[in-house]
Structure formats: C-alpha cells, structure tokens
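Enquirer:
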Amino acid sequence: MKKNIIVSGVNFSEGGPLTVMKSALEFLDTSPIIAEYNVIALVHSKKLYDNLRNIELLEFPHVKEAWKNRIKFEYFECRSLSQKLDSHLWLSLHDITPNVISEKRAVYCHNASPFYKQNLSNFLNNPKRFLYTKFYKQLYRINIHKNDYVVVQQKWIKDAFLRLFNLKNEKVVVALPNQGKGNTENVIKNFADVKSNDFVFFYPAFPREFKNFEIICKAVEILKAKGKQKFKVKLTIDGSENPYSKNIVDRFSKNKEIEFTGLLSKDEVEDNYALADCLVFPSKLETWGLPISEFKKYHKPMLVANLPYAYETVGNYSKVHYFDVLNEQKLAESMLAVMDGSIKYTNKGDVKYEEPLCRSWDELFKLLLK
Numbered sequence: 001m002k003k004n005i006i007v008s009g010v011n012f013s014e015g016g017p018l019t020v021m022k023s024a025l026e027f028l029d030t031s032p033i034i035a036e037y038n039v040i041a042l043v044h045s046k047k048l049y050d051n052l053r054n055i056e057l058l059e060f061p062h063v064k065e066a067w068k069n070r071i072k073f074e075y076f077e078c079r080s081l082s083q084k085l086d087s088h089l090w091l092s093l094h095d096i097t098p099n100v101i102s103e104k105r106a107v108y109c110h111n112a113s114p115f116y117k118q119n120l121s122n123f124l125n126n127p128k129r130f131l132y133t134k135f136y137k138q139l140y141r142i143n144i145h146k147n148d149y150v151v152v153q154q155k156w157i158k159d160a161f162l163r164l165f166n167l168k169n170e171k172v173v174v175a176l177p178n179q180g181k182g183n184t185e186n187v188i189k190n191f192a193d194v195k196s197n198d199f200v201f202f203y204p205a206f207p208r209e210f211k212n213f214e215i216i217c218k219a220v221e222i223l224k225a226k227g228k229q230k231f232k233v234k235l236t237i238d239g240s241e242n243p244y245s246k247n248i249v250d251r252f253s254k255n256k257e258i259e260f261t262g263l264l265s266k267d268e269v270e271d272n273y274a275l276a277d278c279l280v281f282p283s284k285l286e287t288w289g290l291p292i293s294e295f296k297k298y299h300k301p302m303l304v305a306n307l308p309y310a311y312e313t314v315g316n317y318s319k320v321h322y323f324d325v326l327n328e329q330k331l332a333e334s335m336l337a338v339m340d341g342s343i344k345y346t347n348k349g350d351v352k353y354e355e356p357l358c359r360s361w362d363e364l365f366k367l368l369l370k
C-alpha cells in the first residue's frame, strides 16, 4: 500500500506563496514520486489547481476568512485530519508548524515579516500590520522544533532562524527557488513591433506596505520636476486590492507617467518583462523576490533594493544597480542614469551556501523523504 504525502497550503490564493505551492504540486504531479506515494494537497480552492491530474485536493475555504479559523485549523483540525490521513510526510507550505501526527514533518517558511524593522511611525500608520509582525514571530516558534526540517529560501533567513529559534544547522534547509532560466529571444522578437518609444520601468508586486511602491512614485515626481520626459513606470496595482494600494493610487494617479495596471496573470507579467527596459525592485523585505530571478534571463538593467535579500537573489549579474530603499532622490538619479546610459553597475557575485542546500523540488523532496 502506498504511503501518503500531505502538502498543506490552505492559506494561499494569490501572490508569490501561491506560485510556490503550484510549483511544488506541479512537480509532484508528474514526478516519479507519484508512483510511490499518494499525494494529498490541502488547498484554499480547487479551482486554483485545475491542471493537476494525479493529486487529491481537499478544499478548506473557511481557513482564510479569519485568523481564528487559521489557528483552529493548524492546531486542532490538522490533528484529527492527520490521524485519518496517516501521512508519511506532512509538509506545511505556509510558515506555521501544525499540530499533526506524521512519520516525517517539515515546514516551508515564506513570510519574512517578523524580520521587518519597525518603528513608532509604522505603528501609527498601520497598527494592525505592526502587531501582526510581532504575532507572526511567535507563530513561527510554536512546534518548530518538532519538524525534521525547516525550509527557507535564503541564507540570511536561515541565519535568522538559527539565531532566533536555536535550531540546529542541519535541520534548516535552504531551498533555492527556480532561477527563471530560459530562452527569451523569441519572446522579445514578438514584441518588437509594439515596443514603446518611452523608456519603460516595471515593478510587479502584490501591494503590501513593505513593497514600497511609493518610493517609485516619488522618484517619478522628482524626474518630472527636472523636466524629464519619454519614460513610463508600470505598477501592478490599481487601488482596488487593499487600503494601501488605494492610498498609493489616490496620491499619485495624477502622474501620466505612471500606469497602474492592476494585478496581472503570470503570462501578462512575462509579456511586460519582455517590453520593459528596466526592472525596479524597491521592496524592503523579501524571502526571495521572484521577479528579480524571472527578469534576469532577459539580461536587461535592474534597479534593486540595497539589502541582503536582494544581493542573494541577484547573485552573479552584470547589469544591476543597488539603491537605498528610503531615498527617492537617489532612486530618481538612478532611473535617470539608466535612461541616459551613465548608470554604474555593481556585481556582488553569488552567495556561498552551506549544506543542506536544495536547488530544485526534486532535490528537496528526496531530502524530506529519505
């Protein structure tokens, strides 16, 4: 009789974490692992995974409705569920270590918000977010030592986990996301006829306070004040997503140089990579920063946050310039320098990793299952 692998991602319905969940399940769906194990995925909505053929989907739409539902699910419902499912491996893909019975247990940690440095201004502007980051650190802590492995995406996160939670080095796995390699020549050729005469900057991100959309908008206003023309900035928000995005759009929609596209599909994001002249990535906090990896294959300029997560994600790349995420004046100067060809790039090279290290889902699942 086949043993069961449980992959839990009931809280995912959008953004980077959903991309990771889909990627993991799509790998398992066509992997030789499926011949040896039954794979059961706990999801927010089955509709998000309608391309899967060999994985059983169990839907839990209520969990995302309120935090009390999430707590109840992770620490009470999962306990009884694990007894029924009799799992060999229980992989929680959304940060919290559930209360389960399983031969092997692992948690995959995406959320870097507990490491977001906050001050009184953050509390006054968004007290809910301020308290959430404090609360989330404690959720990470609960049951974390019961895992066989804790999986993170970057070395700096691993170092933080080792320090904060007193974990053993061999229990914390750095699992590098897909690096987005591929042939872009045909994609770029397809858009040759529709390429704008304006210089196009692109920032794809879901609107959260730490995504720092406002610094780009302020830099645009600085460039306008200097008389700079023939450039456009595309931002993947339209104000309908949440109060933060509404505030950004209300404040800066008067600038015709800024195009608020709204959220885009994966294919639409890829199309915009091909059309853009430069990626701007000012996020103050990431566990990876997937657009950086995805854009690298186009070999075009990138203006990226001068922060450790970004150094690690960019790695060895010759067309990157790092800027201060709190200084819109410097960003405006960097944008101008990219446009006129005077930008100075800084290649910090690849980060050196210690074991355990996994560079693919195949390597990660082999480690978790052995």
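According to full-length UniProt numbering, the sequence shown is numbered sequentially starting from 1.
Where is the CB? At the ideal position from N, CA and C, for every residue including glycine.
1) Can you confirm whether the stretch 150-159 touches the stretch 268-279 when touching is taken to mean that 3 or more C-beta pairs between the two stretches lie within less than 8 Å?
2) What does the alpha-carbon distance come out to for the pair K72 and L369?
3) Return the Cβ separation of V264 and P204 in integer angstroms, given the expectation that the two are a contact with Cβ distance under 8 Å.
4) Out of A225, E286 and E209, point me to the one whose CA is closest to I248's CA.
5) Which residue's Cα is closest to the Cα of H321: N327, I343 and D198?
6) Based on DSSP bridge pairs, tell me the residues matched to R105.
7) Taking all protein chains shown into account, do 16 or more other C-beta atoms lie within 10 angstroms of the C-beta of G9, making it buried, or fewer, making it exposed?
8) If distances are taken between C-alpha atoms only, which option among K266, L58, R129 and S113 comes closest to E286?
9) Who are the Cβ neighbours of N212 in its own chain at under 7 Å, not counting the five residues just before and after it?
10) What are the boundary residues of the beta strand (DSSP E) that F260 is part of?
11) Please report the distance separating the alpha-carbon of K230 from that of E221.
12) Which residues in the same chain have their Cβ closer than 8 Å to the Cβ of V63, if we skip the five residues on either side of it in sequence?
13) If you reduce the DSSP assignment to three classes, tell me which class V187 lands in.
14) Please tell me whether L48 and L81 are closer than 8 Å, where the distance is taken between their beta carbons.
15) What beta strand (DSSP E) runs, 3 residues minimum, are completely inside the stretch 49-95?
16) At the level of alpha carbons, what is the spacing between I40 and F60?
17) Just to check my reading of the structure: G262 and D277 have Cβ atoms closer than 8 Å, yes? What is that Cβ distance to the nearest angstrom?
18) Could you give the residue range of the alpha helix (DSSP H) that holds L326?
19) CA-CA distance, W361 and V280?
Expert: To lay it out plainly:
1) no
2) Counted from its first residue, the sequence shown places residue 72 at position 72. Counted from its first residue, the sequence shown places residue 369 at position 369. So the two alpha carbons sit approximately 28 Å from each other.
3) Your numbering for residue 264 matches position 264 in the sequence shown. Your numbering for residue 204 matches position 204 in the sequence shown. The amino acid occupying residue 264 in the given sequence is Leu; Val does not appear at that position. Indeed, because the Cβ distance is near 7 Å, the residues count as touching under 8 Å.
4) Along the sequence shown, read from residue 1 onward, the residue named residue 248 stands at position 248. With distances taken between Cα atoms, I248 lies closest to E209.
5) By 1-based counting over the sequence shown, the position of residue 321 is 321. Answer by Cα proximity: I343.
6) Within the sequence shown, the letter at position 105 stands for residue 105. Its beta-bridge partners are W90.
7) Here residue 9 refers to the residue found at position 9 of the sequence shown. G9 should be labelled buried.
8) Working through the sequence shown from its first residue, we reach residue 286 at position 286. When each option's Cα is compared against that of E286, the closest is S113.
9) Taking the first residue of the sequence shown as 1, we reach residue 212 at position 212. Within the same chain, N212 has close Cβ partners P282, S283, K284 and V325.
10) Here residue 260 is taken as the residue at index 260 of the sequence shown, counted from 1. I258 to F260 is the span of the beta strand (DSSP E), which, as asked, contains F260.
11) Position 230 of the sequence shown, counted from the start, is the residue given in the question as residue 230. Position 221 of the sequence shown, counted from the start, is the residue given in the question as residue 221. Each residue's Cα considered, the two are about 14 Å apart.
12) Within the sequence shown, residue 63 is the residue found at index 63, counting from 1. Contacts found: V10, N11, H44, N69, R70 and F73.
13) Numbered from its first residue, the sequence shown carries residue 187 at position 187. The predicted model places V187 with a pLDDT of 49, which falls under 50 and marks its position as unreliable, so this point remains unresolved.
14) Here residue 48 is taken as the residue at index 48 of the sequence shown, counted from 1. Here residue 81 is taken as the residue at index 81 of the sequence shown, counted from 1. Not closer than 8 Å, so no.
15) 56-59 and 87-92
16) As a first step, residue 40 must be located in the sequence shown, where it is residue number 40. As a first step, residue 60 must be located in the sequence shown, where it is residue number 60. I40 and F60: Cα-Cα distance of roughly 13 Å.
17) Position 262 of the sequence shown holds residue 262. Position 277 of the sequence shown holds residue 277. Cβ-Cβ separation between G262 and D277: approximately 21 Å, too far for a contact (criterion under 8 Å).
18) Position 326 of the sequence shown, counting from 1, holds the residue named residue 326. First-last for L326: undefined, no H or E at that position.
19) Taking the sequence shown and counting its residues from 1, the one referred to as residue 361 is at position 361. Taking the sequence shown and counting its residues from 1, the one referred to as residue 280 is at position 280. Their Cα atoms are separated by approximately 28 Å.
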